[in-house]
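Protein chains: 4
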Amino acid sequence: MSRPNRLRYAARLNAFKVKGGTVADMIAGAGRVGGLSAADLNYPDHFAAHDPGTLSGLLTDQGLALNGLAMRYYTEDGFRLGAFTHPDPATRRAAIDLTRRGIDACAAMGGSQMTLWMGQDGFDYSFQADYARMWDNTVAAIAEVADHNPTIDIAVEYKPNEPRAHALMPDLATTLLALDEVARPNTGVTLDFAHMLYAGEMPAKAAMLAARKSRILGLHLNDGYGKRDDGLIAGSVHPVQTVELLVAMARSGYAGVIYFDTFPDHSGIDPVAEARANIRLTDRMLDLAHRLADDPALAAAQSRQDAVAATALVMAALLGE
Amino acid sequence: MSRPNRLRYAARLNAFKVKGGTVADMIAGAGRVGGLSAADLNYPDHFAAHDPGTLSGLLTDQGLALNGLAMRYYTEDGFRLGAFTHPDPATRRAAIDLTRRGIDACAAMGGSQMTLWMGQDGFDYSFQADYARMWDNTVAAIAEVADHNPTIDIAVEYKPNEPRAHALMPDLATTLLALDEVARPNTGVTLDFAHMLYAGEMPAKAAMLAARKSRILGLHLNDGYGKRDDGLIAGSVHPVQTVELLVAMARSGYAGVIYFDTFPDHSGIDPVAEARANIRLTDRMLDLAHRLADDPALAAAQSRQDAVAATALVMAALLGE
Amino acid sequence: MSRPNRLRYAARLNAFKVKGGTVADMIAGAGRVGGLSAADLNYPDHFAAHDPGTLSGLLTDQGLALNGLAMRYYTEDGFRLGAFTHPDPATRRAAIDLTRRGIDACAAMGGSQMTLWMGQDGFDYSFQADYARMWDNTVAAIAEVADHNPTIDIAVEYKPNEPRAHALMPDLATTLLALDEVARPNTGVTLDFAHMLYAGEMPAKAAMLAARKSRILGLHLNDGYGKRDDGLIAGSVHPVQTVELLVAMARSGYAGVIYFDTFPDHSGIDPVAEARANIRLTDRMLDLAHRLADDPALAAAQSRQDAVAATALVMAALLGE
Amino acid sequence: MSRPNRLRYAARLNAFKVKGGTVADMIAGAGRVGGLSAADLNYPDHFAAHDPGTLSGLLTDQGLALNGLAMRYYTEDGFRLGAFTHPDPATRRAAIDLTRRGIDACAAMGGSQMTLWMGQDGFDYSFQADYARMWDNTVAAIAEVADHNPTIDIAVEYKPNEPRAHALMPDLATTLLALDEVARPNTGVTLDFAHMLYAGEMPAKAAMLAARKSRILGLHLNDGYGKRDDGLIAGSVHPVQTVELLVAMARSGYAGVIYFDTFPDHSGIDPVAEARANIRLTDRMLDLAHRLADDPALAAAQSRQDAVAATALVMAALLGE
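Below you can see the structure in the form of C-alpha cells.
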C-alpha cells in the first residue's frame, strides 16, 4: 500500500473556548496549535456572533480549511425531546429547516459536508417512544436534508447514549440500516473512536462494514475506557485498536480529515498542548499503520487467523523488539 | 388488539441434563414441567444416542411438539477458530455440510426451522481477523444452507460475545445487514432477551427493526444484568422491558414459540421448578402486554412521548395502584 | 418487622429550575408537588441569591424541612482538576474551607448533614495521578471537615465516573475503606441507586455492607440502565432490585429521607409530574418491601438460597398472581 | 529505582491440557515454553492422578518451581450453590476441610501460598441471598484456613462475576474490607488484570490500595476488553494500563511471580507460542516500567497532575518518538 497523501488534522473548536470569548477566539486557539489544517464549525452556535464570510476569513487567517459543519439541536431551541423524532411535527419541521440553513451556510463557505449528530433523538423509558414512527421520521428527515443540496455530503455520527439514555442511532449497523432506507448518494457515516468503543464495536470491523455499505465521511479520533464518551488523547488507552482502525481506514481509501474529538476542557487541560499530543501520537500511529498494512507476514498470519503471530508482529512494531 | 392464540412455551433441554443420562432423560424432564408444549433439539449432540424417529417419539410421549433444531459447532469437531468463518476452507465446508445434515434431520422430524448461533465465528485480537473475508464467508454460508431446503426457515441468533471476545454477529442491526445480503426469504432472526440487554439494545426497539427488515423466527426469554448471558428467570430483573418486548412481539404478529433460554443448571436450581416459574411469570407478563397494547391512554402518551404518563400507566398495571 | 415511621421524601431542586429564576423558584416548584416534605440545598450555588435565613423561610413556606446541604466543587471556582485531591495545596485548602463554610451554613439553618460528592476528585489518564497522595489528601480533608462541627454528619456519595473518567471514590467498598481511615463518628455514606447499578453493585448487598461498616446517611432513589447516571423515575427499570434495597434499608434501621435524584430536566419532562410519579411508585414499593420483609416463606427460601422459591414469592407480590 | 530481581513467570497449566492427558502432560507443555520458571497447581483436580511427591518431581524435571496452589470448588463436589457461603453448614465445612487438605498438600510440596478464587460464592437473583450471613461465613472460613497453617499465605483472587451473576468478592475494595475482618497476617490478595478491568478498576490504583491495606501475594497478567474475563495475551489490548500497573507493583516491592492467566485453549491457539508471546511482551513492558518509574520528568508531571505531559512521556517511551 502506498502511503496516502498526508491526512489533514482538525480539532474540536469548543476545546479552545475562553470565558467571555467568541468563536474567533476558538479559531485563534486552534491556529496556535501549529499542526492543524482544517476545522469544523457547529451550526447554529458558532454562527451566532459572525456571518459565514467573516468566519471563512478567520479560518483562512489561521491556515485552516473548513472541513464542514456539524449540526447542534439545542434544548433551548426546543429540541430537548428530539429533533428529527420530536413528537410535534412543527418541531420536526424546525429541525429540518435549521439543518437546511446550516447546509446553506456550509455551501456559502465552500464546505463540502454536514455532520449530523442527532443527540436528542432517542428515548429514556420503556413505553415512552413509538420506535417505528421515530425511525420513519428520521429516515425521511435525512433524505430531505440530503436532497436540499446534493453537492453537500451528509455524515451521520452515531453514539450509544447521552444525552438520552438510548439513542435511536446507537451504533454503526443501525445507522447503516437507516442510510440504506435513505438511499441518497450524498450520505454516509462519521466514525468516532470512543463512540465505537462504548457501542461495543471493534473499530476496524466497523470501518470495514461502513466502507462496504455506505461511505466513511469523517473520522473522529480520541480514546477512553469503553463505558462513556471520555474524550481522551487519541491512542492513549487503546493504541492497538486505533492503529488497526487506521489500517482499515487506509484500505477503505479514506482521504478525509482526522478530527480530534477530545475534551481537554472537561479536565482543565491546556487545549493547545493536548492538540499537539494528539498530532504527535497520531503521526506515529499512522506510520505504524502504514508499515503494518504492507507487512506480508501480518497478512499471512491474518489469513490463517493466527492471533499469536499477528499480535507478536504488531506489538513488536508498537513497542519495539 | 385481539389476544393472539396462546403462544407455546419451550425450555432449554440441556437444563434437564442428568449425570450419565441421554437426551431422553432431558425430554422426560421437560415433560415433567407440565406447561411446556414444544422443544428444540441441538444438532448434532442431541442426535448422538437416538435417531430422528426415536427422538420424535420421545417428544410425542411428553406432549412436546418439535419447534426446531439449533446448530452447535463444537470445538471438538474442529470449529474452535470458527465454523462459517474458519480460515481453512475445508473446515468451513464441514460446518456447512454439518448444517445441511441438521436441516435434513429437522425436515425428517417435521420441524420447520433451524436456529444458527455461530458462537465460534468471531475474533479475540486486533489484527487477528480479516473481517471482510469472514463477512463474505458467513453471508455465503447462510445463503447456501437456506437454499438447501427452502421449506425450512433459518433463524440467526446473535450474541455480543462468548465464547469469542467479539462475535461477528454481535447485535440485531449487524445481523440484519448480513441477512439483507443473504437475500433469502426463508431466513430471519431469533431474539434472545439477555443477548439484547448486553448488546445494549432496547429489546422492543430491536423487535420493531427485526420485524420491519426481516422475520422474527424465534424468541428466547430470560433475564440478567446486562453484562453477560446470565440466563435468569424471565422477568425477574427487567419486567418492564420484557413486557414492552412482548407488546412489540404481538404487534409484529409473532405466533411462534417462547423459548426459555435459562441456565438453572449453572446455579444448582431445580430445572422443573425453574421452568414453572418462567411459565407463571410469562403468563402474567403476556396478560399485562395484552392489556397495555390496547390501552388508548398509553397510546396517547406515546404519541406525545410523555414518559411520566406512560410510566405511570405501565407501573400501575404492573405493580397495582 | 413493624412498619418504620413514614420516610420523608425529597427531590432534586435543580429539576425545578426555570430560566432566569433563582432557588426560590425551585423551592416553589418542589412545593407544588404536594408529597415532598424535605429538601437539600447545594452549596455554594443555591446560596448565591439568598442568605440562609431567607432560604429557611422559603422552605418553611412550602412545608419542606431542610434535609441537609450538598457540596458542589465547581470548575469555575478552580476545582476542575480536583477539590480535595487538587495538586495545588492552595486549591485543596480552598475546597476544605468552602466545605467548612457550607457546614456553617447548614448548621445555621438547623440542618444535620452535609453530603460530599467529590465529582472532580478523580483522574482521566494512566500515569496522570499519584493515587496514594490523592487518597491521603482525601482522607485528611474528610477528617478535617468532619471535625469542623461534630454535630453535622458528613455523608460521602460515591459515583463511578463523570465528570472524570475514573473517580477516586467509585464504589461503596472503596468509600468504606476511606471512611475507616477517616475514623470519625459523624461520617457515613449516601447510597444512590443509579450509581450503585453502574458501579456493578447489587444495591441491597451494598446497603448491608454500608450499614455494618459505617452509617447510611442518605438514600437517593432513581433508575437507569446500569451504564451511566440516567436519572430515571425510581423503580421504572429495576423495581425488583429497588424493593430489595428498600428491605435492606428497613433492616438497617434507616429513618432518613428518600431523595429522588432524577433528571426530568434533561429530557424535557415536567418535574412536578415526574416527582409525583416517583412518590407514587415509591409508596407502592415501600409497601411491597414492608410485606416482603415480614414474609416467613421468603425468609425460609433465602435461608436455603432457593432462587426459584424466592423469585416466585417476590414476583407474585409485585405483579400479582 | 533499582531494577528488582527479575520476576519469575508462570503460566496457567490448564492451557496446556491435551485430550486424554494428565497434569504431567500439562507440566511438560509448560516446560516446552522455555521462559517459565514457576507453576501453580489446582487443588484438588491436578492431584487426581499423582501424589504431591510425584508432582514435585514433574515440576523439577521441567525447571519449574512451585509457586503455590489454587483452590477449585467444583460443582460436581457439591459446591454449585457456594463453597464458603453454601446455605448448608455441612457443605461449608466440606469446603473448608478441602481447603485445609489443599494447604497441607501445598506445604508438603514446599509451596508457600494458596490462592482462593471463590467462584461459586455469589448469587444470581435479588432476594435469593442473605448477604450478611454469606459475608460472615466467608470471613470465618478465610480466618480458619489462614489459621490452619500460618506459614502458608492465603491469597484471595476477586472477580466480578462468572460463574455466578454476582460474586460476593467482586472487586479489590470489597476484598480488602473482608480481609480487614479476617485480620490474619498470612492473608492478602491476588490481582488479575482482566478481572480489574471488568471490575471497572484502574489497575495501578487498585495495586496502590492493595499494598497499603493488605499484601499483594499474586499478580495475574492477561488482557481483554473490560467486559468479561477474555484471557488474552498480556499487553495486547491495554499496554499503557499494564505498564502503569507494573510500575505500581515495583513501587509496592512486589517480588512474587507473574502468572499469565490466559486462555489460548479457548480459541484454538497454540499454548506454547502464546506463552512465549506473553513472556516477550511482558519483558518489554517491565523494561518500560523500570524506565518510567525512574523518570523525573514523569514524576514532575504527576505531581502537578499534568495529563498531557505524562501521556506524551509515556507514549514516547512506548511507541518511540
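Protein chains in written order, with our numbering: chain A, 5 to 325; chain B, 5 to 325; chain C, 5 to 325; chain D, 5 to 325.
The beta carbon of each residue, even a glycine, is placed where N, CA and C say it ideally should be.
Computed from a prediction, not measured in an experiment: that's the story for all the values here.
Cβ pair residue i, residue j closer than 8 Å
i, j, result
"Phe264 (chain C)", "Arg16 (chain C)", "yes"
"Thr103 (chain D)", "Met75 (chain D)", "yes"
"Leu317 (chain A)", "Ala293 (chain A)", "no"
"Val149 (chain C)", "Ile220 (chain C)", "no"
"Lys217 (chain B)", "Leu181 (chain A)", "yes"
"Leu223 (chain D)", "Ile262 (chain D)", "yes"
"Ala203 (chain D)", "Gly204 (chain C)", "yes"
"Ala208 (chain C)", "Ser130 (chain D)", "yes"
Reference residue i; option with closest CA among the options
i, options, result
"Ser271 (chain C)", "B:Met206, B:Gly222 and B:Val312", "B:Val312"
"Pro275 (chain D)", "D:Ala147, D:Asp108 and D:Leu236", "D:Leu236"
"Ala320 (chain D)", "A:Val186, A:Asp287 and A:Ala112", "A:Asp287"
"Ala238 (chain B)", "B:Ile283, B:Glu205 and B:Arg84", "B:Ile283"
"Pro174 (chain D)", "D:Phe127, D:Asp184 and D:Leu213", "D:Phe127"
"Leu341 (chain C)", "C:Asp227, C:Asp134 and C:Met113", "This structure does not reach residue 341 (chain C), given that chain C is present from 5 up to 325, and the question cannot be answered."
"Gln309 (chain D)", "C:Ala297, C:Gln132, C:His199 and C:Ile146", "C:Gln132"
"Leu45 (chain D)", "D:Lys23, D:Met118 and D:Thr266", "D:Met118"
Span separating the alpha-carbon of residue i from that of residue j
i, j, result
"Arg7 (chain D)", "Gly257 (chain D)", "Legend: pLDDT at Arg7 (chain D) = 44, less than 50; position of this residue unreliable, value from coordinates given subsequently. Cα to Cα, the separation comes out at about 11 Å."
"Thr194 (chain C)", "Asp233 (chain C)", "15 Å"
"Leu62 (chain A)", "Val27 (chain A)", "9 Å"
"Val251 (chain D)", "Leu172 (chain C)", "19 Å"
"Val244 (chain D)", "Ala109 (chain B)", "52 Å"
"Ala305 (chain B)", "Thr89 (chain C)", "47 Å"
"Thr179 (chain C)", "Ala52 (chain D)", "43 Å"
"Ile31 (chain C)", "Ala87 (chain C)", "28 Å"
"Tyr47 (chain A)", "Gly123 (chain A)", "14 Å"
"Asn153 (chain D)", "Val186 (chain C)", "34 Å"
"Leu11 (chain D)", "Met289 (chain A)", "31 Å"
"Asp299 (chain C)", "His199 (chain C)", "29 Å"
Residue i: contacting residues in chain C (beta-carbon distance under 8 Å)
i, result
"Asp274 (chain B)", "Val312"
Chain D residues whose Cβ lies nearer than 7 Å to that of residue i
i, result
"Ala281 (chain A)", "Val312, Thr315 and Ala316"
"Tyr129 (chain C)", "Ala311, Ala314 and Thr315"
Contacts of residue i in chain D (Cβ-Cβ under 8 Å)
i, result
"Asp175 (chain C)", "Asp175, Ala177 and Gly204"
9 Å Cβ cut-off: residues of chain B touching residue i
i, result
"Ser240 (chain C)", "Val244, Ala311, Thr315, Val318 and Met319"
With 16 other Cβ atoms within 10 Å as the buried cut-off, status of residue i
i, result
"Asp125 (chain D)", "buried"
"Pro189 (chain B)", "exposed"
"Met5 (chain A)", "Confidence at Met5 (chain A) is low in this model, with a pLDDT of 40, below 50, so its placement is unreliable and the value that follows should be read with caution. That one is exposed."
"Thr246 (chain A)", "buried"
"Thr315 (chain D)", "buried"
"Leu249 (chain D)", "buried"
"Pro93 (chain C)", "exposed"
"Glu278 (chain D)", "buried"
"Gly260 (chain D)", "buried"
"Gly38 (chain A)", "exposed"
Chain-ordered neighbours of residue i on chain A, where CB pairs are closer than 7 Å
i, result
"Gly25 (chain C)", "Per Cβ cutoff of 7 Å: no residues; Gly25 (chain C) is ~15 Å from chain A at best."
"Ala133 (chain B)", "Gln306 and Gln309"
"Leu225 (chain B)", "Simply none; closest approach about 16 Å."
Within chain D, the residues that residue i reaches when beta carbons sit closer than 9 Å
i, result
"Ala210 (chain B)", "None at all; the shortest Cβ gap to chain D is about 19 Å."
"Asn91 (chain C)", "Checking the sequence, you will find Pro at residue 91 (chain C) rather than Asn. Per Cβ cutoff of 9 Å: Gln306, Ser307, Arg308, Gln309 and Asp310."
Chain-ordered neighbours of residue i on chain A, where CB pairs are closer than 8 Å
i, result
"Ala136 (chain B)", "Met212 and Arg216"
"Glu166 (chain C)", "Arg232"
Neighbour list for residue i in chain A, Cβ cutoff strictly below 9 Å
i, result
"Gly235 (chain D)", "Result: empty, since nearest Cβ-Cβ is about 12 Å, beyond 9 Å."
Where residue i meets chain C, residues with beta-carbon distance less than 7 Å
i, result
"His270 (chain A)", "Pro167"
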